[in-house]
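Numbering-wise, the sequence shown is residues 1 to 145 according to the UniProt record's numbering.
Glycine included, every Cβ here is placed at the ideal spot set by N, Cα and C.
Worksheet: one structure, shown below.
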Amino acid sequence: MSFNSRSSSNRRSEYRLFISHSWEYSDEYNRMVELLRDYPNFSFRNYSVPKVDEIDADTEEKLEQALREDQIKPATVVIILGGMYVAHSKWIKKETILAKIESKPILGVTPRGNEQMPNFVEDHADQIVGWQGKSVVEGIRDLAD
């Protein structure tokens, strides 16, 4: 039995989340957003950057600055979806480093049906959970509260 010193009535009313993901694998991102939206008694604001709402920046430096200031800095928790594509994504790595710079807790989520997590995520995540609503929400609450 685990004991949580914060009762559910003391929990945040809304969590601010940045979900790092690859646009090439946006199905996983969409499934994660749906999983969180469908979870009972859990409210969140999504600070992620979906492909349909790109950041308007004409250089990588401006894009990185916008990600840091407008998406990652206001987030309570940064979530990294741990597909093997992470190892090849420059931007997921940059977002992870920016989260560390901003002292944001990072929740790694093992992809549905996978047992392996990329080393990069294992090395940077504060906590790693499986792809189940309860695990993800509890991970978010543990890191944010």
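**Report entry** Among T59, I19, D145 and G113, nearest to V78 - alpha-carbon criterion
**Finding:** I19
Query raised in the report: Considering Y29, what are the terminal residues of the alpha helix (DSSP H) in which it resides?
Result: S26 to D38
Requested in this report: Starting from N41, follow the beta strand (DSSP E) in both directions and report where the run begins and ends.
Outcome: Segment: none, N41 is in no beta strand (DSSP E) and carries neither H nor E.
Query raised in the report: Terminal residues of the continuous beta strand (DSSP E) containing I80?
Result: If you look at I80, you'll find it in the beta strand (DSSP E) that goes V77 to L81.
Report task. Within its chain, find whatever has a CB closer than 7 Å to the CB of E28; leave out the 5 residues flanking it on each side and keep chain order. Result -> H21, L81, G83 and P111
Query raised in the report: In its own chain, which residues sit with a C-beta less than 8 Å from the C-beta of L107, not counting the 5 before and 5 after it?
Result: V77, V78, I79, I80, A125, D126, Q127, I128, V129, V136, G139, I140 and L143
Query raised in the report: Just reading off the alpha helix (DSSP H) that I101 is part of, what are its end residues?
Result: K90 to I101
Query raised in the report: Contact between the segment 94–106 and the segment 62–69: three or more CB pairs below 8 Å?
Result: yes
Query raised in the report: If you count every other CB in all the chains shown that lies within 10 Å of the CB of K134, and 16 or more means buried, which is it?
Result: exposed
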